[in-house]
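Chains as they are written, first to last, in the working numbering: chain A, 2 to 158; chain B, 5 to 156. Just so you know, even glycine gets a beta-carbon here, dropped at the ideal spot from N, CA and C. Being a predicted model, the structure only gives us computed values, none of them experimental. Some notes on the structure that comes next.
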Amino acid sequence: MTPPWGVMGSVHLRNLVTRIGGVGCLLDLDWVVEIRDEIAELLDFRHAEPNHGIIAAFNFRQTWIPAIDPALFLGLDSDVAFKNKTALILKGFEGNWALMVDQMLGIPPGERIAPCEMPPLLRTATRGFYSRLGLFHGEPMVVLEPELFYGPSVACA
Amino acid sequence: MIRFGLFRLGRSGFAVPLFQLRKVLRDQRIFSLPKLPDGVIGVLVTESLLVPVIDPQKVVAGASALEPADYLVLLESEYGTLAVPAGLTCGVVSEQKGTITPGDETANSWVTGQFHYQDSVFQILDIDFLASVLAQSGFKPEADADGARRHQ
Numbered sequence: 002m003t004p005p006w007g008v009m010g011s012v013h014l015r016n017l018v019t020r021i022g023g024v025g026c027l028l029d030l031d032w033v034v035e036i037r038d039e040i041a042e043l044l045d046f047r048h049a050e051p052n053h054g055i056i057a058a059f060n061f062r063q064t065w066i067p068a069i070d071p072a073l074f075l076g077l078d079s080d081v082a083f084k085n086k087t088a089l090i091l092k093g094f095e096g097n098w099a100l101m102v103d104q105m106l107g108i109p110p111g112e113r114i115a116p117c118e119m120p121p122l123l124r125t126a127t128r129g130f131y132s133r134l135g136l137f138h139g140e141p142m143v144v145l146e147p148e149l150f151y152g153p154s155v156a157c158a
Numbered sequence: 005m006i007r008f009g010l011f012r013l014g015r016s017g018f019a020v021p022l023f024q025l026r027k028v029l030r031d032q033r034i035f036s037l038p039k040l041p042d043g044v045i046g047v048l049v050t051e052s053l054l055v056p057v058i059d060p061q062k063v064v065a066g067a068s069a070l071e072p073a074d075y076l077v078l079l080e081s082e083y084g085t086l087a088v089p090a091g092l093t094c095g096v097v098s099e100q101k102g103t104i105t106p107g108d109e110t111a112n113s114w115v116t117g118q119f120h121y122q123d124s125v126f127q128i129l130d131i132d133f134l135a136s137v138l139a140q141s142g143f144k145p146e147a148d149a150d151g152a153r154r155h156q
């Protein structure tokens, strides 16, 4: 899959703006298959695999796919119950999977999101978790890199 | 001749060489980001630039003495710009207006000395040292970095 953010430092034209644990996040729409809320009935926590970051199985079009909580991976405290989150169904190397976010803020015009350089002082600490930021309404937003949350080596639920 | 920018945070007074002082901002919003190094309390945005806001005590000693602050003092270091909270700024003073005593290297590596001015003592901050501690914070050998991916 082509990296959605292409050229280093550039901001993709179509981004989903979300919030996870109080932090604003951007996700390239090219990753997104579908957006689901009211998901309580679609979750099965018996298939959690915490060691792989899989919190539950998610019933998407009669198929169970892994549900990943990026708040855990990023070390963020979220006060939104898992069943009240929004599921972003994403394309993956091994099929679809669900990325759980606290809140959807919208899909703004691309020109309203400006690229923003990662401060050199933070690069070491954030390496492996995120590497790009954007500015939306003056707020720094983490560019989500889905391949870091769920990769080819992770078994499906 | 060295000139110092002086500011206070709580009961502590701090001095930084003027050539390292970029600007002072008031009532600036501080944003949280994931996986910030210990001692970084957030980031501010100024002129589309992200600047880490640090708690100097926590960077080096691991214990925070942070108190409410209206100001943020932006400082230039060898590792880029960083900001330190300040409750009160005290202006710019030439070293000749006061006296300098050397710091105790065994006590605070990030203090190069004390600047005594008008019955007050200001700790002279070694911004480059603070920044170097921060820049190395979170450093992991490659094997451990791979371990972060295995966590997925």
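Which of helix, strand or coil DSSP assigns to residue i
| i | result |
| --- | --- |
| Asn97 (chain A) | coil |
| Pro71 (chain A) | helix |
| Arg47 (chain A) | helix |
| Gln63 (chain A) | coil |
| Gly7 (chain A) | Any reading at Gly7 (chain A) must be qualified, since the residue scores a pLDDT of 42, below 50, and its modelled position is unreliable; the value itself is stated next. If DSSP states are grouped into helix, strand and coil, Gly7 (chain A) belongs with coil. |
| Glu140 (chain A) | strand |
| Gln140 (chain B) | helix |
| Gln100 (chain B) | helix |
| Arg124 (chain A) | helix |
| Asp29 (chain A) | strand |
| Ile40 (chain A) | coil |
| Ile108 (chain A) | coil |
| Phe119 (chain B) | strand |
| Phe126 (chain B) | strand |
| Leu91 (chain A) | strand |
| Arg20 (chain A) | strand |
| Leu149 (chain A) | helix |
| Ala135 (chain B) | helix |
| Ile55 (chain A) | strand |
| Ala147 (chain B) | Unreliable positioning characterises Ala147 (chain B) in this predicted model, as indicated by a pLDDT of 36, which lies under 50. The coordinate reading is nonetheless provided below. Ala147 (chain B): helix per DSSP, three-state reduction. |
Chain B within 9 Å of residue i, Cβ atoms only
| i | result |
| --- | --- |
| Glu95 (chain A) | no |
| Pro120 (chain A) | yes |
| Glu1 (chain A) | Residue numbering for chain A in the displayed model covers 2 to 158; residue 1 (chain A) lies beyond these limits and cannot be assessed. |
| Tyr130 (chain A) | Residue 130 (chain A) is actually Phe in this sequence, not Tyr. Phe130 (chain A) counts as touching chain B. |
| Glu146 (chain A) | no |
| Glu140 (chain A) | yes |
| Ala88 (chain A) | no |
| Leu17 (chain A) | no |
| Ala82 (chain A) | no |
| Ala126 (chain A) | yes |
| Leu134 (chain A) | yes |
| Ala233 (chain A) | There is no way to answer for residue 233 (chain A), as the model of chain A reaches only from 2 to 158. |
| Val33 (chain A) | no |
| Val24 (chain A) | yes |
| Val143 (chain A) | yes |
| Arg20 (chain A) | no |
| Leu28 (chain A) | no |
| Leu75 (chain A) | yes |
| Leu14 (chain A) | no |
| Leu123 (chain A) | yes |
C-beta neighbour in chain A for residue i, strict 9 Å
| i | result |
| --- | --- |
| Ala147 (chain B) | Because Ala147 (chain B) sits at a pLDDT of 36, beneath the cut-off of 50, its placement in the model cannot be relied upon, and the following sentence gives the value as read from the coordinates. Chain A contact via Cβ: absent. |
| Phe11 (chain B) | no |
| Ser16 (chain B) | no |
| Gln140 (chain B) | yes |
| Lys27 (chain B) | no |
| Gln156 (chain B) | With a pLDDT of 36 at Gln156 (chain B), under the threshold of 50, the modelled position of that residue is not reliable, and the figure given next carries that caveat. Taking Cβ atoms only, chain A reaches closer than 9 Å to Gln156 (chain B), which makes this a yes. |
| Leu22 (chain B) | no |
| Pro60 (chain B) | no |
| Ala152 (chain B) | Because the pLDDT at Ala152 (chain B) is just 40, under 50, the model does not fix this residue reliably, and the value given afterwards should be weighed accordingly. So yes, Ala152 (chain B) belongs to the interface. |
| Phe35 (chain B) | yes |
> For the region 107–135 of chain B, which residues have a beta carbon sitting closer than 7 Å to at least one beta carbon of chain A?
Replying inline: Ala135
> Hey, which unbroken runs of the alpha helix (DSSP H) at 4 residues or more fall wholly within the region 7–92 of chain B?
Replying inline: 60–65
>> If the cut-off is 9 Å on Cβ atoms, which residues from the region 70–101 of chain B count as contacting chain A, listed in chain order?
In response: Ser81, Tyr83, Gly84, Thr85 and Leu86
>> By the 7 Å beta-carbon criterion, what residues does the region 42–64 of chain A contribute toward chain B?
In response: His53 and Gly54
> Touch check for the region 113–130 of chain A and the region 45–58 of chain B: three-plus C-beta pairs under 8 Å?
Replying inline: yes
> Is the region 59–66 of chain A touching the region 21–31 of chain B, taking contact as three or more C-beta pairs under 8 Å?
Replying inline: no
> the region 43–56 of chain B: which residues have C-beta closer than 8 Å to a C-beta of chain A, in chain order?
Replying inline: Val44, Val47, Val49, Ser52, Leu53, Leu54, Val55 and Pro56
> Looking at C-beta atoms only, is the number of pairs between the region 35–49 of chain B and the region 8–19 of chain B that lie closer than 8 Å three or more?
Replying inline: no
>> If contact is defined by three or more beta carbon pairs under 8 Å, each pair taking one atom from either stretch, is the region 96–114 of chain A in contact with the region 13–25 of chain A?
In response: yes
> Is the region 83–91 of chain A touching the region 36–49 of chain A, taking contact as three or more C-beta pairs under 8 Å?
Replying inline: yes
> Is it a yes or a no for the region 19–31 of chain A touching the region 138–150 of chain A, going by three-plus beta-carbon pairs under 8 Å?
Replying inline: yes
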